[in-house]
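Residue numbers (the numbering used here): 31 to 590. Here a beta-carbon is modelled for each residue, glycine too, at the ideal position from N, C-alpha and C. In what follows, a single structure is set out as structure tokens and then discussed.
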Amino acid sequence: MGKPPADVNFTFSDEELEALKPFGDVRAHAAGAPLIDEGDANVDCLITLSGHTDILVETPEGEKRLGWMERGQFAGDISILTGQASLSRVVMGEAGEVLHISHDNFQRMLVENSHFSDIFVRTLTARRIFSHNASHGAVIVIGDAHDRDVFVARDTLSKHMIAHRWLDPDKDPLAKRIMEAREIEADDLPVVIRGRSRIMSRPDVSELSEAFGLDLVPDNSCTDVVVVGAGPAGLAASVYAASEGLTVVTLDSDGPGGQAGTSSKIENYLGFPMGVSGRELASRASIQAQKFGARIASPASAVDLARDGDNYCISLKDGRRLKARAVVIATGAQYSRLPIENLERFEGRGIYYGATPMEAQLCGGQDVCIVGAGNSAGQGAVFLSQTARNVHVLFRRPNIRDTMSEYLVRRLEETPNIHLHPETEIGTLHGTGSEDQLNDRLTRLSLRHRATKEVSEHDIGFVFLFIGAQPFTDWLPQHMSCDEKGFVKTGPDLSNLDLVRAGWTLDRMPTRYETSWPRVYAVGDVRIGSVKRVASSVGEGSVVVSDIHRALAETTPSGS
Numbered sequence: 031m032g033k034p035p036a037d038v039n040f041t042f043s044d045e046e047l048e049a050l051k052p053f054g055d056v057r058a059h060a061a062g063a064p065l066i067d068e069g070d071a072n073v074d075c076l077i078t079l080s081g082h083t084d085i086l087v088e089t090p091e092g093e094k095r096l097g098w099m100e101r102g103q104f105a106g107d108i109s110i111l112t113g114q115a116s117l118s119r120v121v122m123g124e125a126g127e128v129l130h131i132s133h134d135n136f137q138r139m140l141v142e143n144s145h146f147s148d149i150f151v152r153t154l155t156a157r158r159i160f161s162h163n164a165s166h167g168a169v170i171v172i173g174d175a176h177d178r179d180v181f182v183a184r185d186t187l188s189k190h191m192i193a194h195r196w197l198d199p200d201k202d203p204l205a206k207r208i209m210e211a212r213e214i215e216a217d218d219l220p221v222v223i224r225g226r227s228r229i230m231s232r233p234d235v236s237e238l239s240e241a242f243g244l245d246l247v248p249d250n251s252c253t254d255v256v257v258v259g260a261g262p263a264g265l266a267a268s269v270y271a272a273s274e275g276l277t278v279v280t281l282d283s284d285g286p287g288g289q290a291g292t293s294s295k296i297e298n299y300l301g302f303p304m305g306v307s308g309r310e311l312a313s314r315a316s317i318q319a320q321k322f323g324a325r326i327a328s329p330a331s332a333v334d335l336a337r338d339g340d341n342y343c344i345s346l347k348d349g350r351r352l353k354a355r356a357v358v359i360a361t362g363a364q365y366s367r368l369p370i371e372n373l374e375r376f377e378g379r380g381i382y383y384g385a386t387p388m389e390a391q392l393c394g395g396q397d398v399c400i401v402g403a404g405n406s407a408g409q410g411a412v413f414l415s416q417t418a419r420n421v422h423v424l425f426r427r428p429n430i431r432d433t434m435s436e437y438l439v440r441r442l443e444e445t446p447n448i449h450l451h452p453e454t455e456i457g458t459l460h461g462t463g464s465e466d467q468l469n470d471r472l473t474r475l476s477l478r479h480r481a482t483k484e485v486s487e488h489d490i491g492f493v494f495l496f497i498g499a500q501p502f503t504d505w506l507p508q509h510m511s512c513d514e515k516g517f518v519k520t521g522p523d524l525s526n527l528d529l530v531r532a533g534w535t536l537d538r539m540p541t542r543y544e545t546s547w548p549r550v551y552a553v554g555d556v557r558i559g560s561v562k563r564v565a566s567s568v569g570e571g572s573v574v575v576s577d578i579h580r581a582l583a584e585t586t587p588s589g590s
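Here's what the structure looks like:
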């Protein structure tokens with residue numbers, strides 16, 4: 031499994047241990063006593079005071095001891111901070127005492143003590159990265175590469191920073207050995223295995239969420255701020271609101287990152303001269319928000335927003351209801367779908383809406399097609415060119431420089447296996463079989479030149495769409511003022527008629543990011559007139575928090 035790097039462990043001094051004790055309680059345990067079981071959520075932070083604790087993780091070869099913690103050392107990974115299900119077991123290896131810090135007290139300690147906060151966050155993050163790189167097999171996905179359910183499962187796990195190992199049953203002998211040992215039949219595939227305690231056959235996102243503790247927000251929760259959407263704008267709002275003492279619940283129907291999370295590499299974001307992937311940026315921001323106490327629930331889909339006295343009520347798709355004194359709408363926008371036949375049939379089976387390492391793994395050594403002429407399309411093309419045989423970039427305009435940054439255009443032109451196709455669009459899609467076959471996937475497509483009408487056929491089985499943007503605003507109430515495309519109006523874009531229709535009663539006008547409903551804000555790509563850049567979204571998400579503070583001061587805090 032490889033030797034762990036030095037930064038995955040830390041030993042507190044005696045003085046530091048004394049400073050940590052007020053946050054928890056000291057308990058004596060006999061040798062062999064279970065402290066954390068696989069699948070437990072919201073677990074205690076365990077700091078060994080005497081004896082030692084063993085960390086046990088399931089692997090394809092059986093359970094193994096990944097490490098042990100002696101005096102001054104603590105067990106666990108980033109799930110201690112996030113509250114997600116533990117992927118390992120912790121038992122008392124040698125009788126002794128352990129300092130137990132509950133999940134709530136642990137988060138309080140992170141906010142109150144920057145010294146300990148830095149140590150824990152740095153070490154826990156390093157452990158999650160080591161776990162990802164080690165591929166020890168605590169979580170295993172077995173299924174065909176082109177199976178839509180496999181793609182959904184791996185995408186969900188990746189977005190929530192859950193290290194996993196993917197095995198193709200037709201190519202990897204280990205898959206067959208595991209299936210025989212765990213009595214998994216071919217008809218059960220695809221399966222997601224969580225350690226030794228759980229095997230999920232063809233799980234949907236809800237089952238994965240429950241199994242890994244991705245959404246721990248209880249029904250009828252009441253909080254200062256609910257942030258709907260965990261893209262750059264929503265995560266920024268979550269970080270700044272939580273760090274300034276507000277209680278925050280952040281909801282996302284998919285996973286942290288939003289549309290930006292599909293970017294393989296963002297090179298013009300301030301402070302990252304070597305670039306950063308959208309998913310890495312989202313992961314860091316998610317950890318940062320939770321460090322300050324924000325609760326992130328995903329997948330959790332908001333379906334309605336209603337007034338509830340001085341509060342607001344957000345209804346979720348699963349029937350839960352959350353109350354909030356203020357709401358931040360940061361649902362962003364999604365890439366548009368091509369208006370061509372068979373598109374839905376091949377989504378997840380050749381049609382994709384992001385270029386991440388997972389997609390790059392699928393299309394290695396093959397020809398791929400990217401549709402779009404924005405920066406995300408350019409970033410995706412450059413990234414995929416490292417593994418794909420050829421990358422064909424299609425766009426409707428005559429000149430790609432009209433919509434793409436110059437540095438990216440030059441990079442496309444200078445990469446020999448990237449081919450630009452101006453004024454070109456996809457005509458038809460073709461697959462391996464009929465629509466009801468599980469192994470059906472995209473294999474070929476026709477391209478049509480818009481000016482000459484010339485049609486050409488290409489053996490391309492991977493298409494990545496980066497076109498347009500449609501706001502996620504269908505769930506908003508009728509009197510929440512939006513423009514004709516669905517983007518939310520805020521501040522100076524609201525007319526007096528908009529405010530009258532929405533029932534605005536305050537003796538002040540809406541602030542810059544405030545909607546036609548008081549204390550309901552819209553930031554990022556979902557807002558009318560926003561600049562579609564990550565940095566702009568982060569800026570709006572952070573700036574809006576000062577407006578929220580002032581608006582909350584106008585109301586009486588809820589006693590519920």
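Here H190 is not near G123, since their CB atoms are 8 Å or more apart. For S307 and V247, the gap between their C-alpha atoms comes out near 28 Å. When C-alpha distances from T153 are compared across G106, W196 and A319, the shortest belongs to G106. Between A267 and A360, the C-beta spacing is below 8 Å. Under the DSSP assignment, D55 falls in the beta strand (DSSP E) whose first and last residues are D55 to H59. Secondary structure of P303 (DSSP, three-state): coil. S294 and G410 do touch by the CB rule: their CB atoms are close to 6 Å apart, below 8 Å. Contact between F496 and V398 is absent: CB atoms are separated by about 12 Å, not below the 8 Å threshold. About 43 Å separates the CB atoms of D489 and I558; that is not less than 8 Å, and the two are not in contact. Distance between N372 and L459, taken at the CA atoms: about 7 Å. K321 sits buried, since 16 or more C-beta atoms from the chains shown fall within 10 Å of its C-beta. Cβ atoms of P220 and A183 come within 8 Å of each other, at about 7 Å.
Considering only A581, D555 and L582, the residue with the shortest C-alpha distance to E570 is D555. Residue environment for G275: exposed (fewer than 16 other C-beta atoms within 10 angstroms of its C-beta). Check the Cα spacing between A315 and each of A332, R337, Y270 and R351: the tightest is with Y270. For the pair Q364 and Q500, the CB atoms are nearer than the 8 Å cut-off. Every unbroken stretch of the alpha helix (DSSP H) spanning 4 or more residues and falling wholly within the segment 191-242 is given here in chain order: 203-211 and 235-242.
Of V279, V575 and L477, the smallest CA-CA separation from G323 is found for V279. P446 is classed as exposed because its beta carbon has fewer than 16 other beta carbons within 10 Å across all chains shown. A532 is not a Cβ neighbour of Y543, given a cutoff of 8 Å. Assignment of T482 by DSSP, reduced to helix, strand and coil, places it in the coil class.
For V182, the uninterrupted alpha helix (DSSP H) segment begins and ends at R178 to K189. Its chain contains E453 as the residues whose beta carbon lies nearer than 8 Å to that of A481, once the 5 sequence neighbours on both sides are disregarded; these appear in chain order. Contact check for G395 and R419: beta-carbon distance about 6 Å, within the 8 Å limit, so the pair qualifies.
Sorting R195, D218 and C252 by C-alpha distance to the C-alpha of G225 places R195 at the top.
By the C-beta criterion, the segment 235-251 is judged not to be in contact with the segment 296-304, since fewer than 3 inter-stretch pairs fall below 8 Å. Classified as buried, T292 has 16 or more neighbouring CB atoms from the shown chains inside 10 Å of its CB. Judged by pairs of C-beta atoms under 8 Å, the segment 516-528 does not touch the segment 326-337, as fewer than three such pairs exist. Approximately 4 Å separates the beta-carbon atoms of L117 and A168; this is inside 8 Å, confirming the contact. For A581, the closest of D537, V568 and E444 by C-alpha to C-alpha distance is D537. It is roughly 5 Å from the alpha-carbon of S80 to the alpha-carbon of E127.
Counting only unbroken stretches of 4 or more residues, the alpha helix (DSSP H) elements lying wholly within the segment 501-571 are 526-532, in sequence order.
In the displayed model, N341 falls within a strand according to three-state DSSP. Taking each of E297, F502, F42 and E91 in turn and checking the Cα distance to S147, the smallest one comes out for F42.
If the five residues before and after R427 are omitted, its C-beta is found closer than 8 Å to the C-beta atoms of A403, T433, P452 and E453, all from its own chain and listed in chain order. Taking the Cα of L527 as reference, the smallest distance to any Cα among V518, G516 and H509 is reached at H509.
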